[in-house]
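To start, the structure under review is shown below, and the notes come after it.
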Amino acid sequence: RISVEVTARDESNRELALACRCINQDGREVIAGEARVIAPEEKIVRRRATLPDVRLSDGDGVRRLLDAVHDLPAVRCAVVHPCDEASLSAALEARDANLIVPVLVGPRVRLETVAKAAGLDLDDVEIEDVGHSHAAAARAVELARAGKVDALMKGSLHTDEFIGAALDRELGLRTARRFSHCYLMQTPGYPRPFIITDAAINIAPDLDAKADIVRNAIDLARIIGVHEPRVAILAAIETVNPRMPATLDAAALCKMADRGQITGAILDGPLAMDNAISIAAARIKGIVSPVAGQADILVVPDLESGNMMAKQLEFLGGAASAGIVLGARVPIILTSRADSGDTRIASCAVAVLVARHYRAHPP
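Taking the working numbering, the leading residue of the sequence shown gets 475, the next gets one more, and so forth.
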C-alpha cells in the first residue's frame, strides 16, 4: 500500500512537499521519504497507467552471512593472481570487512601497478612474488598444503588453471571427496536461502560424482545452520524415465540416502524445478514429499543447466549469491569476473564459516 500526503505548500513557486510511505504485504513500512514537486498551473488528465510490481531487497542474504561471521577471526587467504582492479579491490574490501587476511600471490610489479592505477594501498599487505599466473596457482596451493593459509581465492587467472593446480594428484589439495562448487543464493521470491550445485566444476557428472556433489552441498548447508537440509534432485520431469539419465541418477541418489550412503539430509527426486520450489505446483501435480516446494539444495543434472540457472537468477531474478568450492583441504572462493562486490564479500563470509568447520573437522 502506498500513501502520499501533502505536508507543505509554497505558494510563491507552487512547490509541494509530499510525505510518501510504502507498506508491504506484512504490514511493515519498507519505504518512507519526502518528495518535492512543482504543481501544474492547470489540471492535467491522463489515462490510468498500469503500475509495475516492485520488489525490494535490503541485502538480507549478505547481511545474514556477515552477522554469522561477525565475531569470528579473519582467515588467512591466498588470493591467486589478483592482477586486475576487480579482484584486487575485492580482496582488500574483504580485508576491511575483517573476513580475510589476504596474501597476494602474483608478480609484485604487476600487482603494484594495478594498485597504483586503482588508487589502492598495498603497504601492509603480504605479497608472495611469483612470475606468472601458473606459478601463482602452484604457490597458493603449496601455502595451503603447509597450513600457512586457510582458504584460497581466485583472482584474474582462468578457472581451469586455478582449479587444476588444486587438483594435482601429488601436490594438490585433494581429499576423499570430489571437488564441487556450490552457489548459495537468495531470491526475492523464495523464503529462504538455497544452494545450487554443481554449476562450475563438474561438467557432466556420473552417479559417483553426483553423490559427492550432494554430500558437499549437505555439509555446506549444515555449516550455515540448516540442521536437516531438504535436497531436490532436479530433472525435467518428476517421474523416472529410462530415456532421461538425470531421472535415473535422481532415483539412485535417493536410494543411496535410504541405504545410509548419503546422510544428514532428506532427499527426493527426480523433481522438476517448479515442484522443488513451489508447494502449490507440487500439490497440483499430486506430489507428496517433505522436499517438494521447500528445497534447501537444488542438485542440477550437469554444469550447463546449473550455470544457466544460477546466472538467470542473479541477473534476471535479482538473486544475491555466493560461490564456494568444497571437497578440497581448504575452502576455495570461486567468483566470476562479472560478479558484484556483494557476491565477492558474501563468498568470503561463507569461506570463513567453512574454514572454521574444517579446523574442527578436517576434510
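Don't be surprised by glycine CBs; every beta carbon is placed ideally from N, CA and C.
Here the C-alpha atom of ASP598 lies approximately 18 Å from the C-alpha atom of HIS555. For the 8 Å CB-CB criterion, GLY801 and ARG652 form a contact. Counting C-beta atoms within 10 angstroms of its own C-beta, CYS656 has 16 or more neighbours from the protein chains shown and is therefore classed as buried. Look at CYS557 here: in three-state DSSP terms it is coil, with no helix or strand label. Collapsing the DSSP output to three states places GLN735 in coil.
Around the C-beta of ASN690, 16 or more other C-beta atoms lie within 10 Å, and the residue is accordingly described as buried. Straight-line spacing of the CA atoms in GLN660 and GLY792 works out to 9 Å. SER795 is bridged by DSSP to MET659. The segment 683-771 contains, as complete alpha helix (DSSP H) runs of 4+ residues, the segments 719-732, 747-751 and 753-758 (chain order).
Unbroken alpha helix (DSSP H) runs of no fewer than 4 residues, entirely contained in the segment 624-655, are found at 633-641, following chain order.
Sixteen is the threshold: when 16 or more other Cβ atoms of the shown chains lie within 10 Å of the Cβ of ALA565, as they do, the residue is buried.
Scanning the segment 545-610 from its first residue to its last, the whole beta strand (DSSP E) runs of 3-plus residues come out as 549-554, 574-580 and 600-603. One alpha carbon belongs to ALA746, the other to GLU778, and they sit about 16 Å apart. For GLY501, no alpha helix (DSSP H) encloses it, and the DSSP letter there is neither H nor E. Contact between VAL688 and VAL700 fails: their C-beta atoms lie close to 14 Å from each other, not under 8 Å. Residue nearest to ARG811 within the set GLU515, GLY501, ASP558 and ALA548 is ASP558 (criterion: CA-CA distance). Annotation for ILE476: no alpha helix (DSSP H) segment contains it, though the beta strand (DSSP E) segment containing it runs 476-484. Residue pairing by DSSP places ALA802 opposite ARG648 in a beta bridge.
When DSSP states are grouped into helix, strand and coil, VAL615 belongs to the helix group.
Shown here, ARG510 sits in a strand according to DSSP, grouped into three states.
Between the alpha carbons of ASP642 and VAL799 lies a distance of about 16 Å.
Distance check between GLU567 and each of SER821, LEU827 and ALA834 places SER821 closest, using alpha-carbon atoms only.
Taking C-beta atoms as the reference points, ILE692 and ASP776 fail to come closer than 8 Å. DSSP places ILE819 inside the alpha helix (DSSP H), whose first and last residues are 815-834. The criterion of a C-beta distance shorter than 8 Å is satisfied by ALA709 and ALA720.
Only buried fits GLY780, as 16 or more other CB atoms lie within 10 angstroms of its CB.
With a cutoff of 8 Å on beta-carbon distance, GLY593 and GLY629 are scored as not near each other. Here DSSP, grouped into helix, strand and coil, assigns GLU516 to coil.
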